[in-house]
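Chemist: Protein chains in written order, with the numbering used here: chain A, 36 to 276; chain B, 36 to 276. C-beta: ideal position from N, C-alpha, C; glycine also. Here it is, the structure in full.
There are 2 protein chains.
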Amino acid sequence: MVAKSELKFIRSLQQKKHRQRHGLFVAEGVKLVTELLDSALPLQAIYATDAGLFPGATTISERELEAVSSLVQPNKVLGVFHMPQPEPLHFSDWVLALDGVRDPGNLGTLIRLCDWFGIGQLLCSPDTVDAYNPKVLQATMGSIARVRLVYAPLPEALQGCGVPVYGASMEGGAVGAETLPAAGVLVMGSESHGLGPGVRDLLTATVSIPAYGKAESLNVATAAAILLYEVRRRGGGPTQR
Amino acid sequence: MVAKSELKFIRSLQQKKHRQRHGLFVAEGVKLVTELLDSALPLQAIYATDAGLFPGATTISERELEAVSSLVQPNKVLGVFHMPQPEPLHFSDWVLALDGVRDPGNLGTLIRLCDWFGIGQLLCSPDTVDAYNPKVLQATMGSIARVRLVYAPLPEALQGCGVPVYGASMEGGAVGAETLPAAGVLVMGSESHGLGPGVRDLLTATVSIPAYGKAESLNVATAAAILLYEVRRRGGGPTQR
């Protein structure tokens, strides 16, 4: 049995303000918790319905787990982890930057895409959804453990970065056309608002995805998938796995 | 005011069995309804909070609309449309085929992707989520009006189609490597189950997306985005817009 106060504390971490005050976040489910235990993130506490499956775990009943879980179907284990310490960005490889991406599912998918393409750093504008939001974490499928996130105003973070900054835009040059450098920044805006003016001023060039049909736009995650594929195919970076 | 029995009928169309019995589906919101009104799909009835905005609309109160809506925030208008008549597939251009894609948001995003890349035909296995599910419709952003869907067992529908059939697979050849034909079929499986054995037997080749990082897989919509981009870039089909 877990103390009421402890359960209350865990549940409070579903809110961003409490996560930020304590520097802690909650991960749930066997896959996500296992990936995070394998990462460098320090563990604060772990609770499992079968404590034997996770070393150091406190036993939590199914009912207690349901009471604190953000999942529709709680899955055996819940870990409280410390958020990583902020580190400065380095621009020796490609960096993905997001300007105001609000949808948790999209951010989770974008983190997973970064992990697939070996993009180790994701820069998020302050109005991008918090990556430790439970819905984002679930959508990352564990990739949150391998992609470093930095929340900062994009103009400040990218000013003087020393590499070309490409903005995804409906009016950009088709991505297949030009050569891409070995290192750079790709900025994606939200579907509804596009790129903010402070970001537009920083761009070296804009890129777009060739359209053949009549859809007005692409979802931000599917557009990023194509652009990151091109960044790796024609740009530079790690060797293919 | 709309009759109670009429409201009840509209609400019943949120369920697949009622949609299929009547051959009708419900579309909501200004954007989606406007796109469908511009399409060839026959309208059965239209209800709007401001009937002057949509010719032929019956006035519905905000309260009545909330009572029948599947949206968290109902948006002014609701249309009841006839489902399109089934037509046979033709294989003169690329066709996207889905094997057991269950997530409504993913199917909606895939329909939107087809529309972006001018893929006019989407073949879905019978266990793929119903495209007239309200969550799918919303995620299509109106593209449902321009992509023709066929639900049929994939082995039957693809047997003897006369064009190469490519399956997306983690073990496939990298998509950037080989030449793609002007017409073909691309089959995507679900993330959890991959391609079924009946489909595997039909494949001309498998294709995969080069991986550079450590993510185990990509979301089906982001994977399809990259593969359809390659199909149009290196295969054939309509001219770029």
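With 16 other CB atoms within 10 Å as the buried threshold, where does Q50/B fall?
Modeler: exposed
Chemist: So P63/B is in the beta strand (DSSP E); what residue range does that whole segment cover?
Modeler: The sequence given here has Glu at residue 63/B, not Pro. Note, E63/B: beta strand (DSSP E), L59 to E63.
Chemist: How would you write the range of the beta strand (DSSP E) that F116/A sits in, first residue to last?
Modeler: V112 to H117
Chemist: Does the separation of the CB atoms of V182/A and L157/A fall below 8 Å?
Modeler: Result yes, Cβ atoms of V182/A and L157/A sit closer than 8 Å.
Chemist: Is it right to say A65/A is buried, meaning 16 or more other beta carbons lie within 10 angstroms of its own, or is it exposed?
Modeler: Here residue 65/A turns out to be Val, not Ala, going by the sequence shown. Flag for V65/A reads exposed.
Chemist: Please list the residues of the stretch 132–154 of chain B that have a C-beta atom closer than 8 Å to any C-beta atom in chain A, keeping them in chain order.
Modeler: G140, T144, R147, L148, C149, D150, W151, F152, G153 and I154
Chemist: How about P109/B: is its Cβ closer than 7 Å to a heavy atom in the ligand NAD?
Modeler: You won't find the ligand NAD in this model; it holds no ligand whatsoever.
Chemist: Are the CB atoms of A92/A and L221/A within a distance shorter than 8 Å?
Modeler: no
Chemist: Is the shortest distance between the beta-carbon of P119/B and the beta-carbons of chain A less than 8 Å?
Modeler: no
Chemist: For a contact defined as C-beta to C-beta under 8 Å, what are the partners of L253/B on chain A?
Modeler: R147, L148, W151 and A260
Chemist: When DSSP labels each residue in this structure, what does T144/A get in the three-state scheme?
Modeler: helix
Chemist: Could you tell me which of Y201/A, L100/A and H117/A sits nearest to P109/A, measuring between CA atoms?
Modeler: L100/A
Chemist: Run down chain B in chain order and give the residues with a C-beta less than 9 Å from the C-beta of P216/A.
Modeler: Those within 9 Å of P216/A in chain B number zero; the least Cβ separation is about 16 Å.
Chemist: Since Q156/A meets chain B, which of its residues come closer than 9 Å, beta carbon to beta carbon?
Modeler: Neighbours of Q156/A on chain B: none; closest Cβ ~12 Å, over 9 Å.
Chemist: For the stretch 43–58 of chain B, enumerate the residues whose C-beta is nearer than 9 Å to any C-beta of chain A, in chain order.
Modeler: none
Chemist: Is the beta carbon of V200/A less than 8 Å from the beta carbon of L124/A?
Modeler: no
Chemist: Does the CB of G248/B have a neighbour CB from chain A at under 8 Å?
Modeler: yes
Chemist: Give every residue of the same chain whose Cβ lies closer than 8 Å to the Cβ of G135/A, excluding the five residues on either side of it in the sequence, and list them in chain order.
Modeler: S160, D162, T163, G224, S225, H228 and G231
Chemist: Can you tell me whether D73/A is buried or exposed, with buried defined as 16 or more other CB within 10 angstroms of its CB?
Modeler: exposed
Chemist: What residue range does the alpha helix (DSSP H) around Q79/B cover?
Modeler: No alpha helix (DSSP H) holds Q79/B; the beta strand (DSSP E) holding it covers L78 to A83.
Chemist: Could you give the first and the last residue of the continuous alpha helix (DSSP H) run that contains L100/B?
Modeler: E97 to V103
Chemist: Just the Cα atoms here: how many angstroms apart are P296/B and F126/B?
Modeler: Because chain B in this structure spans residues 36 to 276, residue 296/B falls outside the shown range and cannot be described.
Chemist: Under a three-way DSSP split, which group does V266/B fall into?
Modeler: helix
Chemist: For S243/A, which residues of its own chain have a beta-carbon under 8 Å away from its beta-carbon, when the five flanking residues on both sides are left out?
Modeler: A203, S204, M205, E206, G207, G208, A209 and V210
Chemist: Check whether the Cβ atoms of I81/A and G58/A lie closer than 8 Å to each other.
Modeler: no
Chemist: Is there a C-beta anywhere in chain A that falls below 8 Å from the one on T241/B?
Modeler: no
Chemist: Please classify G219/A as buried or exposed, where buried requires at least 16 neighbouring CB atoms within 10 angstroms.
Modeler: buried
Chemist: Which class does E251/A belong to by DSSP, given the choice of helix, strand or coil?
Modeler: coil
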